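**Student:** Input: one structure, supplied below.
2 protein chains.
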Amino acid sequence: MTCPGANAVNILEPHDPPAAAPGDRAATLAGLKTRFGARYSDSLALREQHGHTTTWIPNQPPDAVVFPESTAEVVDIVNACRATRTPIIAFGAGSSLEGHLNAPFGGISLDFSRMKRVLEVNAEDMDCEVEPGVTRKELNHHLHNTGLFFPVDPGADATLGGMAATRASGTNAVRYGTMRDCVLNLTAVMADGSVVKTGGRARKSSAGYDLTRLLVGSEGTLGIITALGVRLFGLPEAILAAVCPFTTLDGACRTAIAAIQLNLGLARIELLDPLQVKAVNAYSKLSLAEIPTLFLEFHGTRAGALEQVEMFKELASAEGGGPLDWAERPEDRSRLWQARHDSYWAGLGLRPGARALATDVCVPVSRLADCVTETYADIEEMKLIAPIVGHVGDGNFHVLPLIDMSDPGEVRAVEVFNERLIARALAMGGTCTGEHGVGSGKMKYLHKEHGAGVEVMKAIKRALDPYNILNPGKIVAMP
Amino acid sequence: MTCPGANAVNILEPHDPPAAAPGDRAATLAGLKTRFGARYSDSLALREQHGHTTTWIPNQPPDAVVFPESTAEVVDIVNACRATRTPIIAFGAGSSLEGHLNAPFGGISLDFSRMKRVLEVNAEDMDCEVEPGVTRKELNHHLHNTGLFFPVDPGADATLGGMAATRASGTNAVRYGTMRDCVLNLTAVMADGSVVKTGGRARKSSAGYDLTRLLVGSEGTLGIITALGVRLFGLPEAILAAVCPFTTLDGACRTAIAAIQLNLGLARIELLDPLQVKAVNAYSKLSLAEIPTLFLEFHGTRAGALEQVEMFKELASAEGGGPLDWAERPEDRSRLWQARHDSYWAGLGLRPGARALATDVCVPVSRLADCVTETYADIEEMKLIAPIVGHVGDGNFHVLPLIDMSDPGEVRAVEVFNERLIARALAMGGTCTGEHGVGSGKMKYLHKEHGAGVEVMKAIKRALDPYNILNPGKIVAMP
Chain A
1 MTCPGANAVN ILEPHDPPAA APGDRAATLA GLKTRFGARY SDSLALREQH
51 GHTTTWIPNQ PPDAVVFPES TAEVVDIVNA CRATRTPIIA FGAGSSLEGH
101 LNAPFGGISL DFSRMKRVLE VNAEDMDCEV EPGVTRKELN HHLHNTGLFF
151 PVDPGADATL GGMAATRASG TNAVRYGTMR DCVLNLTAVM ADGSVVKTGG
201 RARKSSAGYD LTRLLVGSEG TLGIITALGV RLFGLPEAIL AAVCPFTTLD
251 GACRTAIAAI QLNLGLARIE LLDPLQVKAV NAYSKLSLAE IPTLFLEFHG
301 TRAGALEQVE MFKELASAEG GGPLDWAERP EDRSRLWQAR HDSYWAGLGL
351 RPGARALATD VCVPVSRLAD CVTETYADIE EMKLIAPIVG HVGDGNFHVL
401 PLIDMSDPGE VRAVEVFNER LIARALAMGG TCTGEHGVGS GKMKYLHKEH
451 GAGVEVMKAI KRALDPYNIL NPGKIVAMP
Chain B
480 MTCPGANAVN ILEPHDPPAA APGDRAATLA GLKTRFGARY SDSLALREQH
530 GHTTTWIPNQ PPDAVVFPES TAEVVDIVNA CRATRTPIIA FGAGSSLEGH
580 LNAPFGGISL DFSRMKRVLE VNAEDMDCEV EPGVTRKELN HHLHNTGLFF
630 PVDPGADATL GGMAATRASG TNAVRYGTMR DCVLNLTAVM ADGSVVKTGG
680 RARKSSAGYD LTRLLVGSEG TLGIITALGV RLFGLPEAIL AAVCPFTTLD
730 GACRTAIAAI QLNLGLARIE LLDPLQVKAV NAYSKLSLAE IPTLFLEFHG
780 TRAGALEQVE MFKELASAEG GGPLDWAERP EDRSRLWQAR HDSYWAGLGL
830 RPGARALATD VCVPVSRLAD CVTETYADIE EMKLIAPIVG HVGDGNFHVL
880 PLIDMSDPGE VRAVEVFNER LIARALAMGG TCTGEHGVGS GKMKYLHKEH
930 GAGVEVMKAI KRALDPYNIL NPGKIVAMP
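And the structure:
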């Protein structure tokens with residue numbers, strides 16, 4: 001068979017000799033086809049759907065898609081694939097943005113859509129255990145009537161497994177943390193076929209290396225998550241959503257910073273630039289003034305939340321913000337936040353046919369206003385169509401340059417824009433990716449951000465996946 | 480020279496051949512002595528002081544103690560030691576409890592007491608960068624008048640480097656998290672002499688493997704921390720400390736659980752059993768009723784904190800607790816919490832001449848009352864002198880059996896007690912160590928807790944420290 005990845009999986013020096021020649025991949029695929037029957041597919045449409053996802057990076061389909069139903073099945077698949085150095089790429093909802101799910105060397109896309117059980121909910125301990133294919137909305141639907149919720153909310157209705165693998169966050173992170181904070185433990189199948197449970201349900205532990213945090217954000221390159229324990233939170237007594245327009249982007253950023261520094265206890269504080277407001281108005285049928293705007297959410301006792309609103313109004317007023325418009329009815333709140341979550345699709349609507357590069361820098365909050373302002377100047381100078389939206393409470397914001405992929409000059413210009421944006425963020429003590437992950441799209445920036453740390457990452461990858469079968473070509477290049 | 484550890488540092492199969500024969504350790508020591516002069520010592524008294532620390536585990540002194548003053552010096556020491564496979568053990572305040580600082584194979588104790596600078600405080604971003612020898616009290620003293628504080632507070636005035644290395648927590652973790660949550664980034668010298676900065680100052684990042692969290696809790700076995708960025712928090716408007724007696728241990732535990740589940744926002748909730756109250760009364764000259772007691776702290780606006788106190792009173796009353804006695808004056812609060820922090824020494828005072836084994840299990844909060852009650856029954860049945868104190872908001876508690884080390888039967892009985900306690904906690908989904916770490920004392924429990932995960936830990940250790948020179952004989956045994 002033609003196997004574009006045959007070299008890639010041999011570029012490591014394995015710790016022990018191969019069990020079979022790499023050329024046998026066809027036999028592995030045939031074996032999996034026999035074993036999994038209708039849960040194995042090599043149809044081109046399905047393979048392409050699994051080799052691209054929500055990204056501007058070109059499609060690289062896997063050789064086949066397999067739908068496991070248990071950890072034991074994943075173990076068998078890993079063992080079969082290891083024998084012939086066949087890559088394995090864990091697939092959740094397909095909503096990642098940096099080519100995490102592309103199959104540059106072919107192999108198996110492991111689709112977790114048949115592992116969707118909520119295994120247990122421990123209401124007293126405010127935690128639960130789920131299979132990796134459960135999406136965030138499905139989990140919250142399941143928790144309905146428990147008084148508990150799971151807060152991490154990337155824009156898409158991503159799976160919990162994918163969210164853990166990319167160390168995802170979203171609009172609530174400023175108060176409830178990211179997947180780094182909300183994952184209690186993981187069950188993972190390692191490259192050698194062993195099954196590791198990284199921890200128990202205690203809220204803290206000092207028992208050895210933090211394998212939970214090592215796997216969170218490892219993007220399926222160190223182990224394949226087959227179950228997760230996650231923290232839950234009590235629904236607050238009152239939730240108030242609000243919209244606050246500003247005369248300047250800078251004023252909106254500075255208000256966000258002040259609110260964080262005063263520890264107002266905001267659950268969400270999201271910035272939209274005028275172009276993003278325009279996009280949201282069109283896509284979600286809202287009629288907001290098309291000027292810099294903060295979307296906000298306050299959680300607490302009702303009196304406490306109203307007190308926060310009043311304090312926020314004062315801060316905003318000092319920076320040219322207001323009037324603040326707030327809503328308490330669930331349907332009004334949902335409409336606002338669904339509009340925010342749809343901002344990627346709304347942005348695409350500004351330029352039909354275009355693709356989007358979703359940038360993702362995150363800086364210390366004190367540098368946020370500078371970083372946004374300088375970036376906005378860059379957008380204007382480069383004449384890009386590029387709405388801005390961001391989790392400004394964390395210092396994290398996304399610019400969404402819209403690209404005509406048929407114009408190489410434009411593609412290159414957007415790449416240059418992103419390189420400059422990342423250099424700016426790194427110079428401010430920030431990161432090239434606050435929540436999207438590295439995938440293949442951000443690999444070139446990793447050394448700039450981590451220096452010698454990249455060699456440590458490579459050493460870990462080599463130690464845990466000596467044949468480079470787990471999502472090869474992502475995060476760190478081998479050897 | 481006599482070198483008890485000569486074999487131990489050769490038990491690994493290194494990834495590349497040794498640069499020199501292991502027998503040259505004497506040359507390495509002589510070279511360090513010449514280079515560091517008065518900052519190198521091989522006096523027996525100093526070596527013994529560095530080979531034992533706060534633990535019942537017998538003394539194992541290093542060959543020498545070196546006092547570095549910079550990251551560059553640590554690099555030179557690591558390179559010199561690697562050449563002859565000489566162990567290096569990072570040393571902070573010497574307050575760890577599980578033999579972390581023992582030198583079973585000799586080598587160098589790297590004492591960070593000359594690396595005590597607060598490198599920067601970023602008040603706007605609520606973070607700072609410190610050298611590893613800064614203690615938690617020194618940092619908070621430095622932050623005086625900034626309106627900020629660093630919350631993590633193990634009983635001892637430990638160094639930040641040591642606290643990061645053991646993934647320490649303390650009484651504030653229920654609200655502010657542990658070192659896992661509060662460390663933003665680390666600078667570390669790796670076994671190959673490279674210097675890694677694990678991250679920037681952004682509050683979140685998805686840029687590759689989480690090396691910060693991998694090093695936090697690695698107890699100096701994967702890298703040597705030479706600087707840390709840590710999160711700071713705004714001092715609350717009001718702090719109220721309180722003491723609440725209970726008629727039963729069970730009632731105190733159940734009240735703690737209810738307060739956590741109601742998300743009362745307590746900053747501290749600490750349990751003392753009657754024997755611990757007696758010890759604290761004697762050591763700290765208090766006159767508390769010698770019955771089960773919770774020490775509490777409420778942070779918030781003044782109205783908010785008083786509201787919390789009232790809600791807590793109701794919960795306590797339903798479980799046979801009260802009257803609650805609260806204090807707001809800093810000197811009264813400090814006296815109470817210093818008494819709590821001195822509980823280890825107070826406990827030792829119950830049996831002069833005895834040593835203490837500080838147990839450290841942590842369970843899901845819903846199992847806390849069961850775990851404490853069953854453990855209390857075990858103490859009574861085994862007729863141990865063993866006060867109990869715990870961070871019950873996290874499900875973490877310490878029993879302090881006092882041991883006559885000259886009586887082997889008693890030593891064995893206490894070991895059996897701890898084995899049973901740990902088995903009980905693990906059966907409840909808990910951990911053998913909530914905050915003390917593994918060191919050499921808990922190594923035998925690691926496989927019971929982590930199963931196949933221990934092999935993953937070993938693979939990481941082998942990959943990052945192939946000659947096993949960084950704190951050998953701790954966490955995971957090699958090979």
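First to last, the sequence lines map onto chains A and B.
Quick note on this note's numbering: the first sequence kicks off at 1 and runs consecutively.
Quick note on this note's numbering: the second sequence kicks off at 480 and runs consecutively.
Each residue gets a CB set at the ideal place from its N, CA and C atoms; glycine is no exception.
Just so we're clear, the structure is a prediction, and the values are computed from it rather than from any experiment.
1. Rounding to the nearest angstrom, what Cα-Cα distance links G656 of chain B and P566 of chain B in this structure?
2. Shorter than 8 Å from the beta carbon of D660 of chain B to some beta carbon of chain A?
3. Is P364 of chain A close to chain B, meaning its C-beta is less than 8 Å from at least one C-beta of that chain?
4. Where are the beta strand (DSSP E) runs, 3 residues long or more, that stay fully inside the stretch 662-710 of chain B, in chain order?
5. Tell me the rounded alpha-carbon separation between K937 of chain B and G930 of chain B.
6. Roughly how many whole angstroms lie between the Cα atoms of T666 of chain B and H579 of chain B?
7. Using a Cβ-Cβ cut-off of 8 Å, state whether A731 of chain B counts as contacting chain A.
8. In three-state DSSP terms, what is V363 of chain A?
9. Hey, A686 of chain B and E449 of chain A: beta-carbon distance below 8 Å or not?
10. Whether or not the stretch 900-909 of chain B and the stretch 784-796 of chain B are in contact is what I'm after, with contact meaning three or more pairs of Cβ atoms, one per stretch, closer than 8 Å; do they touch?
11. If you draw a straight line from the C-alpha of E802 of chain B to the C-alpha of P724 of chain B, how long is it?
12. Three or more C-beta pairs under 8 Å: does that hold for the stretch 806-825 of chain B against the stretch 747-760 of chain B?
13. How would you label M405 of chain A, buried or exposed, when you count the other beta carbons within 10 angstroms and need 16 or more for buried?
14. Would you say M190 of chain A faces chain B, with C-beta separation under 8 Å as the test?
15. Taking S766 of chain B and Q817 of chain B to be in contact with their CB atoms under 8 Å, please state how far apart those CB atoms are, rounded to whole angstroms.
16. Please list the terminal residues of the continuous beta strand (DSSP E) segment that includes F777 of chain B.
17. Flag P58 of chain A as yes when its Cβ comes closer than 7 Å to any non-hydrogen atom of the ligand NAD, and as no otherwise.
18. Taking only runs that begin and end inside the stretch 40-121 of chain A, name each unbroken alpha helix (DSSP H) of 4 or more residues, in chain order.
19. Please name the residues in the stretch 894-913 of chain B whose beta-carbon is closer than 9 Å to at least one beta-carbon of chain A, in chain order.
20. Assuming I867 of chain B and D752 of chain B form a contact by the criterion Cβ under 8 Å, report the distance between their Cβ atoms to the nearest whole angstrom.
21. Provide the residue span of the beta strand (DSSP E) that contains L714 of chain B, from first to last.
22. With a threshold of 8 Å between beta-carbons, can I469 of chain A be considered close to chain B, or not?
23. Determine the burial state of A241 of chain A: buried for a count of at least 16 other Cβ atoms within 10 Å of its Cβ, exposed for fewer.
24. Who are the neighbours of T198 of chain A on chain B, taking C-beta pairs under 7 Å?
25. Looking at the C-beta of A956 of chain B, does it have a partner C-beta in chain A at a distance below 8 Å?
26. Whole-angstrom Cβ separation of H50 of chain A and P62 of chain A, contact assumed at under 8 Å?
27. Determine the DSSP secondary structure at N947 of chain B, reduced to helix, strand or coil.
28. Report all residues from its chain with a CB closer than 8 Å to the CB of V893 of chain B; omit the five preceding and five following residues, and keep chain order.
29. Applying a beta-carbon distance threshold of less than 8 Å, which residues of chain A neighbour V554 of chain B?
30. Output yes if chain B places a C-beta closer than 8 Å to the C-beta of E374 of chain A; else output no.
31. Taking the alpha carbon of D886 of chain B as the point to measure from, which residue in B:E859, B:A865 and B:R834 has its own alpha carbon closest?
32. When you compare only the Cα positions, how much space is there between A956 of chain B and K923 of chain B?
33. When DSSP builds the beta bridges, which residues end up paired with W805 of chain B?
34. Please list the partners that E928 of chain B has in chain A, where partner means a Cβ-to-Cβ separation under 7 Å.
35. With a 10 Å radius around its C-beta and 16 neighbouring C-beta atoms as the bar for buried, classify D606 of chain B as buried or exposed.
36. Taking DSSP's pairing of strands, which residues face R523 of chain A in a bridge?
**Tutor:** So, to answer that:
1. Residue 656 of chain B sits at position 177 when you count from the first residue of the second sequence. Residue 566 of chain B sits at position 87 when you count from the first residue of the second sequence. G656 of chain B and P566 of chain B have their C-alpha atoms spaced approximately 32 Å apart.
2. Counting from 1 along the second sequence, the entry for residue 660 of chain B is found at position 181. So yes, D660 of chain B belongs to the interface.
3. Taking the first sequence and counting its residues from 1, one reaches residue 364 of chain A at position 364. Any Cβ of chain B closer than 8 Å to the Cβ of P364 of chain A would place that residue at the interface, and such an atom is present.
4. As summarised for the stretch 662-710 of chain B, the continuous beta strand (DSSP E) elements at least 3 residues long and confined to that stretch are 662-669, 674-676 and 702-710, given in chain order.
5. The residue labelled residue 937 of chain B in the question sits at position 458 within the second sequence. The residue labelled residue 930 of chain B in the question sits at position 451 within the second sequence. Distance between the alpha carbons of K937 of chain B and G930 of chain B: 12 Å.
6. Residue mapping note: residue 666 of chain B aligns to position 187 of the second sequence, counting from 1. Residue mapping note: residue 579 of chain B aligns to position 100 of the second sequence, counting from 1. So the two alpha carbons sit approximately 20 Å from each other.
7. The residue labelled residue 731 of chain B in the question sits at position 252 within the second sequence. Output row for A731 of chain B: interface = no.
8. Here residue 363 of chain A refers to the residue found at position 363 when the first sequence is read from its first residue. Of the three classes helix, strand and coil, the one that applies to V363 of chain A here is coil, per DSSP.
9. For this step, residue 686 of chain B is matched to residue 207 along the second sequence. For this step, residue 449 of chain A is matched to residue 449 along the first sequence. Inclusion of A686 of chain B and E449 of chain A in the CB contact set at 8 Å is warranted, their separation being smaller than that value.
10. no
11. Working through the second sequence from its first residue, we reach residue 802 of chain B at position 323. Working through the second sequence from its first residue, we reach residue 724 of chain B at position 245. The question names Glu, yet the displayed sequence has Pro at residue 802 of chain B. If you take the alpha carbons of P802 of chain B and P724 of chain B, they lie about 7 Å apart.
12. yes
13. As a working mapping, residue 405 of chain A is identified with position 405 in the first sequence. Exposed is the call here.
14. As a working mapping, residue 190 of chain A is identified with position 190 in the first sequence. Chain B, which has a Cβ nearer than 8 Å to the Cβ of M190 of chain A, makes this yes.
15. Within the second sequence, numbered from 1, the residue matching residue 766 of chain B stands at position 287. Within the second sequence, numbered from 1, the residue matching residue 817 of chain B stands at position 338. No, S766 of chain B and Q817 of chain B are not in contact; Cβ-Cβ is about 16 Å, not under 8 Å.
16. For this step, residue 777 of chain B is matched to residue 298 along the second sequence. Where F777 of chain B is concerned, the enclosing beta strand (DSSP E) stretches over T772 to G779.
17. Although the ligand NAD was asked about, the structure shown includes no ligands whatsoever.
18. 44-50 and 71-83
19. Against chain A - using a Cβ distance shorter than 9 Å - the residues of the stretch 894-913 of chain B are A904, L905, M907, G908, G909, T910, C911, T912 and G913.
20. Taking the first residue of the second sequence as position 1, residue 867 of chain B is located at position 388. Taking the first residue of the second sequence as position 1, residue 752 of chain B is located at position 273. 4 Å between Cβ atoms; contact.
21. Counting from 1 along the second sequence, the entry for residue 714 of chain B is found at position 235. Looking at the DSSP string, L714 of chain B is not in any beta strand (DSSP E), and its letter there is neither H nor E.
22. In the first sequence, the residue the question calls residue 469 of chain A occupies position 469. Chain B contact via Cβ: absent.
23. The residue given as residue 241 of chain A occupies position 241 in the first sequence. Label assigned to A241 of chain A: buried.
24. As a working mapping, residue 198 of chain A is identified with position 198 in the first sequence. Within chain B, the residues near T198 of chain A are G932.
25. Looking up residue 956 of chain B in the second sequence gives position 477. Judged by the 8 Å Cβ criterion, A956 of chain B is not in contact with chain A.
26. The count along the first sequence starts at 1 and reaches residue 50 of chain A at position 50. The count along the first sequence starts at 1 and reaches residue 62 of chain A at position 62. At roughly 6 Å, the Cβ-Cβ gap stays under 8 Å, so H50 of chain A and P62 of chain A are in contact.
27. Residue numbering aside, residue 947 of chain B sits at position 468 when the second sequence is read from its first letter. Coil at N947 of chain B, not helix or strand.
28. As a working mapping, residue 893 of chain B is identified with position 414 in the second sequence. Taken in chain order, the residues that qualify are L836, L863, P880 and I882.
29. Against the second sequence, residue 554 of chain B aligns to sequence position 75. Chain A residues near V554 of chain B: none, gap ~11 Å exceeds 8 Å.
30. The residue given as residue 374 of chain A occupies position 374 in the first sequence. Chain B, which has no Cβ nearer than 8 Å to the Cβ of E374 of chain A, makes this no.
31. Taking the second sequence and counting its residues from 1, the one referred to as residue 886 of chain B is at position 407. The candidate whose alpha carbon is nearest that of D886 of chain B is B:R834.
32. Position 477 of the second sequence, counting from 1, holds the residue named residue 956 of chain B. Position 444 of the second sequence, counting from 1, holds the residue named residue 923 of chain B. Taking the straight line joining both Cα atoms gives about 9 Å.
33. The count along the second sequence starts at 1 and reaches residue 805 of chain B at position 326. According to DSSP, W805 of chain B bridges with B:A721.
34. Here residue 928 of chain B refers to the residue found at position 449 of the second sequence. What E928 of chain B touches in chain A: A207.
35. The residue labelled residue 606 of chain B in the question sits at position 127 within the second sequence. Result: buried.
36. In the structure as shown, chain A begins at 1 and stops at 479. Residue 523 of chain A is therefore absent and cannot be evaluated.
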